[in-house]
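A short worksheet on the structure shown next.
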Amino acid sequence: MTFPVCIPLASSVVENMEPKTQKELAFLHDLYIATDWGERFAELVDKHLKLPREGRVLYLESGTGSHALALRERAGAKVSIVCADVNEECLDLARAKAAALHDRAEFQREDPQALSFSDDQFDLVLANNSFAKPPDLNTNVVEAVRVAKPGATIAWWLPTASSFGEFFSIYWEALFSAGTADHGINVEHLITDLPTISDVERLSEEAGMDEVTSWTVIEEFDFASGNDFLNSPVIADFLLPGWLHSIPEAMQSKVRDELGRIIDEERHAGEFTLTVKATLVVGKKARVQ
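This is the structure we're talking about:
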């Protein structure tokens, strides 16, 4: 899966089961997430998004800032940018990058569910939802549209339906093998909660966007073994905690072990591939709300 993004997780499922601090998550994001997961979505944005020649841009869930600062440089001196993220430690790293580049970007801690900005403030709003929980998407998009000026462009991106199918198919088996088969319904919810392309276009229109267009590309993330998969930062610290959230904490280690075992049995010395349908949605804020 910002996707330049950094999310606040109370804990992360790793070998020693110790929680990660916000600072640790920020450094992991900068080293591993922004340079792989985030770049896949960033390339989609760069390919299809037209930047304004002047004005004020808001980048929501900007993480440690690499993509946001690259966009501002590409847009030119007449464009200013506000980088917003829920993790202050991510913003600190982004500030350091901006200082090194002598970039006058602004940085502000924000909850994408409840932005502190007034209505109709920005000429472009970029909303990274690559790690957002599906139930939060509606509010996230409504808030992104609210703070955009009438006629301004809003762009948001996320994984859509059919993403992570390889994981979900073995998750069922791992739960059964670990003796937690009664939680299988939660896997079904994980699958069905991912929005379709029609869903995200509808959400955009209901939030007040016109001229809605979307693009989707299939991205593949390859892992050499079950252990590599489970201990990859994008999985261990940003995706797996949400996937295992409904499993009792005392059983999570056993489920992880079963996941690794099944992956290694099924890959037959080949790579385990996780597929993500990366989707970008772009529209304009309706001039009459």
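For the sequence shown, the working numbering assigns the number 119 to the initial residue and increments by one for each residue that follows. The beta carbon of each residue, even a glycine, is placed where N, CA and C say it ideally should be.
For residue j and residue i, the rounded distance between their alpha carbons
| i | j | result |
| --- | --- | --- |
| P359 | S234 | 28 Å |
| H147 | D254 | 21 Å |
| T120 | S295 | Below a pLDDT of 50, predicted positions are generally treated as unreliable, and T120, at 36, falls in that range; no measurement from the model is reported. |
| A218 | E367 | 42 Å |
| L209 | V175 | 16 Å |
| E142 | S180 | 17 Å |
| L178 | L392 | 26 Å |
| E224 | F347 | 36 Å |
| E306 | N345 | 24 Å |
| E206 | R227 | 6 Å |
| H185 | G297 | 43 Å |
| S374 | A195 | At residue 374 the sequence reads Arg, which differs from the Ser that was named. C-alpha separation (whole angstroms): 49 Å. |
| S281 | T310 | 11 Å |
| R385 | L244 | 38 Å |
| A202 | A387 | 42 Å |
| S130 | E389 | Unreliable positioning characterises S130 in this predicted model, as indicated by a pLDDT of 35, which lies under 50. The coordinate reading is nonetheless provided below. Those two C-alpha atoms are separated by around 24 Å. |
| L167 | A299 | 44 Å |
| F286 | I381 | 12 Å |
| D164 | Y289 | 34 Å |
| V132 | P252 | With a pLDDT of 39 at V132, under the threshold of 50, the predicted position of this residue should be treated as unreliable, and no value is reported. |
| K138 | R405 | 44 Å |
| V399 | W274 | 5 Å |
| V352 | Q370 | 18 Å |
| N256 | E291 | 32 Å |
| L162 | R379 | 34 Å |
| S322 | E284 | 28 Å |
| D237 | E191 | 26 Å |
| G269 | Q140 | 36 Å |
| I336 | E172 | 33 Å |
| A193 | H220 | 16 Å |
| K372 | A354 | 15 Å |
| G156 | V330 | 23 Å |
| L211 | V200 | 15 Å |
9 Å Cβ cutoff met for residue i and residue j
| i | j | result |
| --- | --- | --- |
| G401 | T271 | yes |
| D241 | P170 | yes |
| K215 | L187 | yes |
| E376 | L293 | yes |
| Q231 | N258 | yes |
| F159 | N246 | yes |
| V394 | E319 | no |
| D328 | K403 | yes |
| A279 | D317 | yes |
| R213 | S198 | no |
| S350 | Y150 | yes |
Strand pairing of residue i, partner residues [DSSP]
| i | result |
| --- | --- |
| K402 | T271 and D328 |
| S198 | R174 |
| V243 | L176 and I272 |
| K395 | I336 |
| A266 | F240 |
| D203 | R227 |
| F341 | F390 |
| P277 | A396 |
Expected contact under 8 Å - CB spacing of residue i and residue j to nearest Å
| i | j | result |
| --- | --- | --- |
| V260 | A325 | 5 Å |
| F249 | F356 | 6 Å |
| H301 | S364 | 6 Å |
| I303 | T334 | I303 to T334, Cβ: 28 Å. No contact. |
| T397 | L276 | 6 Å |
| W361 | L308 | 6 Å |
Short CB-CB distance (under 9 Å) between residue i and chain B
| i | result |
| --- | --- |
| V263 | Although the question refers to chain B, the structure presented lacks it and comprises just one protein chain. |
- Message: My parser needs the alpha helix (DSSP H) runs of 4 or more residues fully inside the region 360-389; what are they?
- Response: Qualifying alpha helix (DSSP H) stretches, in chain order: 367-385.
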